[in-house]
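Participant: Take a look at this one; I'll ask things after.
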Amino acid sequence: MSIPQASVWRERAANLRPEGRAFINGQYVQARSGKTFPTINPATGQTIAQIAECDAEDVDLAVKSARQAFESGVWSRRAPAERKAVMLRFAELILAHREELALLESLDVGKPITNAYNGDIVSAATCIQWYGEAIDKLYGETAPAAPDVTTMIVREPIGVVAAVVPWNYPLSMASWKLGPALAAGNSVVLKPAEQSPLTAIRIAALACEAGLPAGVLNVLPGFGETAGRALGLHMDVDGVGFTGSTAVGKLFMQYSGQSNIKRVGLECGGKSPHIVLDDCPDLDAAARAVAAGIFGNSGQVCNAGSRLIVQASIRDALLDKVAAIAKDLVPGDPLDPATRMGAIVSQSQYESVLSYIDAGRADGASVIAGGRAANRDSGGYFIEPTVFDGVRNDMRIAREEIFGPVLSAITVNTPEEAIAIANDTIYGLAAAVWTSNVTRVQQMSRALKAGVVWVNCFDRGTMSSPFGGFKQSGFGRDKSMHAFDKYMDWKAIWIAG
Ligand code: NAD
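Note that the sequence shown ends on residue 513 in our numbering; no numbers are left out.
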């Protein structure tokens, strides 16, 4: 399917009146307080829509509705094959509304429409479809216990799940929670990030249209400190699937301890090392991967390869290539299908990224590409793809997650040094290494402390492979059959006689 032209998207955007209300018990409703907040288009700084500002009172209503639906069995005790049919229909409806959802995502986040259309929306539908198809293939166990008993070990949904997600891939991240949580039979309260609530609100109606009973999926837009916190502390929420920053992930652990020891799955931040050694099989391919790995989605990617660790003998050759790609990548209007790099999600994120660029300069690293704000007359928040050379791993731009298009290049002499620096971080989400040496592949892929390791590639993924972190990048896995572990419990049933 070919993507509509820029003029079509702009006209649709001008006429758009998106739904901004919460979705509770099968209906769109305002927040009980009547409060709203604006959601902003970061490419223009203009308000797109007013959004219901849900707080603890709305959380209570949504959790009650989710609990009622769960205990009634209307979804939780449906045959897996029946749940599968609804999930597959839900995925079809997401795809059927691909243009509408891509426009909402592009406007809300400032990401290129082409990426939203070909990436985010399709990957969300694929995820819902994958878990729909998986759920009637998930078996329990029998235990070799004793001759007079049958011991069945069955998997059960945990109950009411809160899904709390970030703004960088709003629909895609939501689908990573909704897919396994709903397929397993849970009821879900989804809280999108305050910067990007539009697609989550919209798909609630699509889920209902697909046949998901009222109360099984509720969507509560609102702020983290109010709606998010109330979900984390709620005594009747059984589990939280969280994706976001490490700082807020730690808060969810505290909320759990302060309330009902709800289980928590955390997909948090990263500072992924992208290692290129002097026996790299293809330096052009590595340069393209390094650039895509930090400039894709304007660097607002949890597993962004934000630390380039390069061996000294190939440093100049590689950095010349990466800098050339960066200079060629001009941030532009996200609604133009030719645009490959969009905006930064919000003014505060924009200011934060620019302050890291200042910190890099102040710490003595040198900018070899970018380094400035772009498109200032747009009213939006754009930053040039930026490459720092001469970075030491103790500098702030090497230690902290910038979450913007800023690459920090660190030069090393040996593979051993590369591993030591790669692992010298609080994070452990992803890592990559480029080498032709099979022994190094074996050793380094084992030695890298990260939940995902790519060799001679970067950012590859499918639904069938798990995604998640080591160390302060969190625990638990999204995607693949492993994601069911977060949303299901094991029960041992002993039947005598
Ligand atoms: P964030 O932690 O600020 O917010 C994430 C979610 O938590 C939002 O819905 C927000 O409203 C909520 N929240 C914020 N403060 C809260 C509080 N005090 N109590 C309860 N809830 C609260 O993160 P962000 O800025 O939206 O997203 C960027 C972060 O997400 C980055 O650190 C990035 O690495 C991470 N991320 C991780 C993955 C992954 O799979 N590991 C994927 C995408 C993004």
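C-beta: ideal position from N, C-alpha, C; glycine also.
(1) Apart from the five residues just before and just after residue 387, which ones in its own chain have a Cβ nearer than 6 Å to its Cβ?
(2) Mind checking which residues open and close the beta strand (DSSP E) that includes residue 258?
(3) Closer than 6 Å: is that where the CB of residue 166 sits relative to any heavy atom of ligand 1?
(4) Restricting to Cα atoms, I'd like to know which of 406, 75, 351 and 45 is closest to residue 27.
(5) To which residues of the same chain is residue 197 closer than 6 Å at the C-beta, ignoring the five residues directly before and after it?
(6) One question on the structure: do residue 459 and residue 262 come within less than 7 Å of each other, judged by their Cβ atoms?
(7) Starting from residue 280, trace the beta strand (DSSP E) both ways and give me its first and last residue.
(8) Consider the C-beta atom of residue 472 and the heavy atoms of ligand 1; say whether any pair is separated by less than 6 Å.
(9) Could you tell me the boundaries of the alpha helix (DSSP H) in which residue 188 lies?
(10) Does ligand 1 have even one heavy atom less than 6 Å from the beta-carbon of residue 143?
(11) Buried or exposed: which applies to residue 395, given that a residue is buried once 16 or more other Cβ atoms fall within 10 Å of its Cβ?
(12) I'd like to check one pair, residue 431 with residue 408: are the Cβ atoms closer than 7 Å?
(13) Let's see if you can read the secondary structure: which residues bound the alpha helix (DSSP H) around residue 266?
(14) Please state whether DSSP places residue 342 in a helix, a strand or coil.
(15) At which residues does the beta strand (DSSP E) containing residue 172 begin and terminate?
(16) Are the CB atoms of residue 41 and residue 230 nearer to each other than 7 Å?
(17) Does DSSP classify residue 505 as helix, strand or coil?
(18) With a CB to CB cut of under 8 Å and the five nearest residues on each side skipped, what residues in its chain are close to residue 426?
(19) In whole angstroms, what is the alpha-carbon distance linking residue 244 and residue 193?
(20) What's the gap between the Cα of residue 479 and the Cα of residue 107?
(21) What does a CB cutoff of less than 6 Å around residue 379 pick up in its chain, not counting 5 residues either side in sequence?
(22) Looking at residue 358: is its Cβ nearer than 7 Å to the Cβ of residue 127?
(23) For a quick check, are the C-beta atoms of residue 275 and residue 299 less than 7 Å apart?
(24) For the region 124-139 against the region 150-165, are there 3 or more C-beta pairs whose distance is under 8 Å?
Facilitator: Reading from the atomic positions:
(1) 373 and 402
(2) 255-259
(3) no
(4) 351
(5) 177, 204 and 503
(6) no
(7) 279-283
(8) no
(9) 186-199
(10) no
(11) exposed
(12) no
(13) 262-274
(14) helix
(15) 165-173
(16) yes
(17) strand
(18) 323, 324, 325, 326, 407, 408, 409, 414 and 437
(19) 15 Å
(20) 14 Å
(21) 411
(22) yes
(23) no
(24) no
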